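Numbering (this note's numbering), first residue to last: 102 to 206. Structure first, then comments.
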């Protein structure tokens with residue numbers, strides 16, 4: 102069984118960021134966080150549009166909990182920063198707002 106180490110989130114917004122939606126990533130799951138990070142420029146280039154702004158973020162996944170994640174939350178801030186987190190039963194296990202993932206063991 103392959104273990105998931107990263108999840109790729111892609112969000113498309115209007116130019117003024119008033120309306121945003123999650124869009125399917127070409128390959129949303131990665132075995133290594135670094136592999137996900139390496140794909141970001143290519144993914145952003147593929148979704149580049151003159152009418153929309155696209156954001157992408159890799160979220161680290163604890164392989165021991167990969168089947169337990171039950172919620173993905175995200176928000177695009179007015180400054181154009183995409184914040185996102187994955188949770189297990191309402192406990193944050195990866196949070197881009199702090200810049201540091203927090204793991205449950």
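In this text, a Cβ means the ideal position worked out from N, Cα and C, and glycines have one as well. For clarity, every value in this text was computed on a predicted model and none was experimentally measured.
Residue 177 vs residue 156 beta-carbon contact at 8 Å
Contact: yes.
Please report how far the alpha carbon of residue 162 lies from the alpha carbon of residue 150, in whole angstroms.
29 Å
On the three-state DSSP scale, how would you describe residue 170?
coil
Going by DSSP, what residue range makes up the beta strand (DSSP E) through residue 183?
183-189
Exposure label - residue 105; buried when at least 16 CB within 10 Å
buried
Neighbourhood of residue 154 by C-beta distance below 8 Å, restricted to the same chain and skipping five residues each side:
113, 114, 115, 116, 118, 181
According to DSSP, is residue 206 part of a helix, a strand, or is it coil?
Reliability fails at residue 206, whose pLDDT of 38 lies under 50, so the model's placement of it is uncertain and no value is given.
Within 10 Å of its beta-carbon, does residue 140 have 16 or more other beta-carbons around it, so buried, or fewer, so exposed?
buried
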